[in-house]
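Accompanying notes for the structure given below.
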Amino acid sequence: MILILLSLTNTNADAQQKKLQKATFGMGCFWCSEAIFQRLNGVSAVRSGYEGGDVIDPSYEEVCTGTTGHAEVIEITYDPSKISYDELLAVFWKTHDPTTINRQGADVGTQYRSVIFYHDQEQKETAEKYKAELNQTHAYGNPVVTEISKEQPFYTAENYHQNYFNKNKEQPYCRLVILPKLDKLDQIFKDKLKH
Numbered sequence: 081m082i083l084i085l086l087s088l089t090n091t092n093a094d095a096q097q098k099k100l101q102k103a104t105f106g107m108g109c110f111w112c113s114e115a116i117f118q119r120l121n122g123v124s125a126v127r128s129g130y131e132g133g134d135v136i137d138p139s140y141e142e143v144c145t146g147t148t149g150h151a152e153v154i155e156i157t158y159d160p161s162k163i164s165y166d167e168l169l170a171v172f173w174k175t176h177d178p179t180t181i182n183r184q185g186a187d188v189g190t191q192y193r194s195v196i197f198y199h200d201q202e203q204k205e206t207a208e209k210y211k212a213e214l215n216q217t218h219a220y221g222n223p224v225v226t227e228i229s230k231e232q233p234f235y236t237a238e239n240y241h242q243n244y245f246n247k248n249k250e251q252p253y254c255r256l257v258i259l260p261k262l263d264k265l266d267q268i269f270k271d272k273l274k275h
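Read in order, the letters of the sequence shown correspond to residues 81 to 275 in this note's numbering.
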């Protein structure tokens, strides 16, 4: 009987894991992006890293030169029964400026580009549809330049980049740059936040 229960428990755990999906977004500095998506109900994990370049396992210093081709991105693990990919995209579009090429605020370089790395055809189509609608309605006044690309190898950033805002809330960058973005998130997406 115990073996059957253990077997059922493992099966249920496996089924639960299979239900989780991934989304990968680049929207400037990954410290900001990570802090935003960590707060969403249905998001179980957010990892900061690098994607879209041609150097294997680059360091932060290498990516910062802008010569590796990588973007600073976050890899989100989420439960689609609690938050949809469409909802994640809505947060993505509203919490950064998708109309500037290779820059977000004071952060300039290809590593800060607005980019969506899709994990399947459905994500690709959803992102492309959303981008087209934003451009057709002139939602931002300027064209949305977000790159939409097939997922590439994701390289996890160094440990000190992970969970950065939560560990460094008193740092000036966190107070002056990240906190206002979180305030905006609270205003626009209050019903999507963890309690």
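Heads up, the beta-carbon is just placed ideally off N, CA and C, and yes, glycines get one too.
Near residue i, which residues of its chain fall below 7 Å by C-beta distance, leaving aside the five closest residues on each side in sequence?
i: Y198; result: K204, A207, I228, K230 and E231
i: T226; result: P178, S194, V195, I196 and K211
i: G276; result: Here the chain comprises residues numbered 81 to 275, so residue 276 is not present and cannot be evaluated.
i: N248; result: C254
Distance, Cα to Cα, residue i vs residue j?
i: I196; j: W173; result: 10 Å
i: P223; j: T104; result: 22 Å
i: A151; j: S194; result: 8 Å
i: H241; j: C109; result: 10 Å
i: Q251; j: A237; result: 20 Å
i: A219; j: S164; result: 22 Å
i: T217; j: K209; result: 12 Å
i: V123; j: G221; result: 31 Å
i: T190; j: E141; result: 14 Å
i: I181; j: Y192; result: 9 Å
i: K99; j: L214; result: 30 Å
i: N239; j: S139; result: 11 Å
i: G185; j: D271; result: 27 Å
I'd like to check one pair, residue j with residue i: are the Cβ atoms closer than 9 Å?
i: F245; j: I258; result: yes
i: Y158; j: L169; result: no
Can you list, in chain order, the residues of its chain with a C-beta nearer than 6 Å to that of residue i? Leave out the 5 residues immediately preceding and following it.
i: Y235; result: G129, Y130 and D137
i: V126; result: E114, F117, Q118, I154 and I156
i: P160; result: Q101
i: C112; result: I258 and K261
Please report the residue range of the alpha helix (DSSP H) in which residue i lies.
i: E131; result: Where E131 is concerned, there is no enclosing alpha helix (DSSP H), although the beta strand (DSSP E) it sits in stretches over V123 to E131.
i: Q201; result: Q201 to Q216
i: F245; result: Y244 to K247
i: Y158; result: Note, Y158: premise wrong, no alpha helix (DSSP H); beta strand (DSSP E) at A151 to Y158.
i: S139; result: Per DSSP, S139 belongs to no alpha helix (DSSP H) and is neither H nor E.
Spatial neighbours of residue i within its chain, please: CB distance less than 8 Å, with the 5 preceding and 5 following residues excluded, ordered by chain position.
i: I116; result: V171, T175, K261, L262 and L265
i: L273; result: R119, L120, N121, L265 and D266
i: H275; result: N121
i: V135; result: E142, T148, G149 and H150
i: D166; result: T206 and Y210
Applying the 10 Å Cβ sphere with the 16-neighbour rule, what's the burial state of residue i?
i: T145; result: exposed
i: V188; result: exposed
i: G106; result: buried
Hey, could you find the ends of the beta strand (DSSP E) residue i is sitting in?
i: F197; result: S194 to Y198
i: Q101; result: Q101 to M107
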